[in-house]
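With the UniProt record's numbering, letter number 68 in the sequence shown gets 68, and the count goes up by one each step, no holes.
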Amino acid sequence: LVYITLFFFSPIGSVLLQFQFPSIHKSTEETEREMAWLTRFLTAVVFLAMGVVFSPETFGSNSKTFNAPKLSMYLKLAHLLSYSTAWGASLWVTFIGGIIMFKNLPRHQFGNLQSKMFPAYFSMVGICCATSVAAFAYLHPWKSAETSERYQLGFLISAFAFNLANLFVFTPMTIELMKQRHKVERESNIGEEVGWSKNVEVAKVNPKLAAMNKKFGMIHGLSSLANILAFGSLAMHSWYLAGKLNL
């Protein structure tokens with residue numbers, strides 16, 4: 001079953017399906033990109049399912065019989081995958097991807113890319129944090145939880161709250177201010193360069209741009225602060241998880 005699934009969602013399988021059932025495939029570049037994403041996603045799901053099937057919890061080390069995983073095991077898996085996804089995405093966007101893009105892309109192009117990426121980023125991290133909160137709260141009910149577990153739940157809730165603040169408050173404001181500043185900068189024929197040097201020079205003689213920079217910097221700073229606090233909250237939970245691992 002696994003090999004059949006992998007075949008049909010592989011590039012060869014996709015081509016054969018398109019040949020046999022052309023009505024279910026659109027010959028557009030957008031559809032091809034969607035199919036490529038779906039192929040990668042379903043491949044990951046298949047390998048995850050294989051990991052579940054062949055885990056010690058499913059087949060006991062001293063038994064050849066099948067044991068259905070308990071609900072708690074699924075919740076632990078959901079918590080681990082959601083947490084690690086949120087942590088990895090935050091690490092990459094905050095400390096690696098964003099810096100590389102800023103240093104190599106024209107500033108307006110960089111800003112436009114960020115305006116598309118950050119809503120998706122905060123949505124994904126928010127969903128992951130919500131999943132982790134729900135799973136952890138179910139596994140450790142508040143009334144019976146130890147003090148350390150209550151702290152961990154607080155860290156996860158904090159990360160979720162900071163991401164919501166970014167998603168619904170700071171990011172929309174930052175994007176709107178960015179668009180306004182881009183308009184002012186285009187009037188001064190700047191924005192297509194890499195880095196801030198020309199913006200700083202023009203702002204010295206353009207009060208409108210200087211005021212726009214100040215307002216944008218304040219809102220962007222609050223957004224960055226919320227993102228760092230969310231990342232820090234997740235970082236504090238990592239030590240707790242490490243102590244629970246049995247490798």
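Just so you know, even glycine gets a beta-carbon here, dropped at the ideal spot from N, CA and C. This structure is a prediction, so every number in the text was calculated from the model and none was measured.
Please state the DSSP three-state secondary structure of residue i.
i, result
"L247", "coil"
"K70", "coil"
"F47", "helix"
"F95", "helix"
"P119", "helix"
"S55", "coil"
"M77", "It is worth fixing the name first, because residue 77 is Leu in this sequence and not Met. Three-state result, L77: helix."
"L222", "helix"
"Q20", "With a pLDDT of 47 at Q20, under the threshold of 50, the modelled position of this residue cannot be trusted, and the question is left open."
"L105", "coil"
"W239", "helix"
Between which two residues does the alpha helix (DSSP H) harbouring residue i extend?
i, result
"residue 248", "This structure cannot speak to residue 248, because the chain is shown only from 1 to 247."
"K204", "It is not in any alpha helix (DSSP H) - K204 carries neither H nor E in the DSSP assignment."
Taking Cβ to Cβ, would you say residue i is nearer than 8 Å to residue j?
i, j, result
"A159", "L234", "yes"
"L177", "K116", "no"
"P106", "L167", "no"
"T171", "F122", "yes"
"A230", "N163", "yes"
"T174", "H220", "yes"
"H237", "Y83", "yes"
"M124", "A161", "no"
"N104", "V194", "yes"
"A86", "A135", "no"
"I100", "V133", "no"
"A165", "A226", "yes"
Using a Cβ-Cβ cut-off of 8 Å, state whether residue i counts as contacting chain B.
i, result
"W92", "The structure shown contains no chain B; it holds only a single protein chain."
Please find out if some non-hydrogen atom of the ligand SAH comes closer than 7 Å to the beta-carbon of residue i.
i, result
"E185", "The ligand SAH is not among the ligands present in this structure, which contains no ligands whatsoever."
>> Assess contact between the region 137-146 and the region 83-96, defined as three or more Cβ pairs (one per stretch) separated by less than 8 Å. Is contact present?
In response: no
> What are the start and end residues of each continuous alpha helix (DSSP H) run of 4 or more residues lying completely inside the region 134-202, in chain order?
Replying inline: 147-165 and 171-187
>> Quick check: the region 120-129 against the region 201-210, are at least 3 beta-carbon pairs closer than 8 Å?
In response: no
>> I'd like to know if the region 150-157 and the region 167-185 are in contact, where contact means that at least 3 CB-CB pairs between them fall below 8 Å.
In response: no
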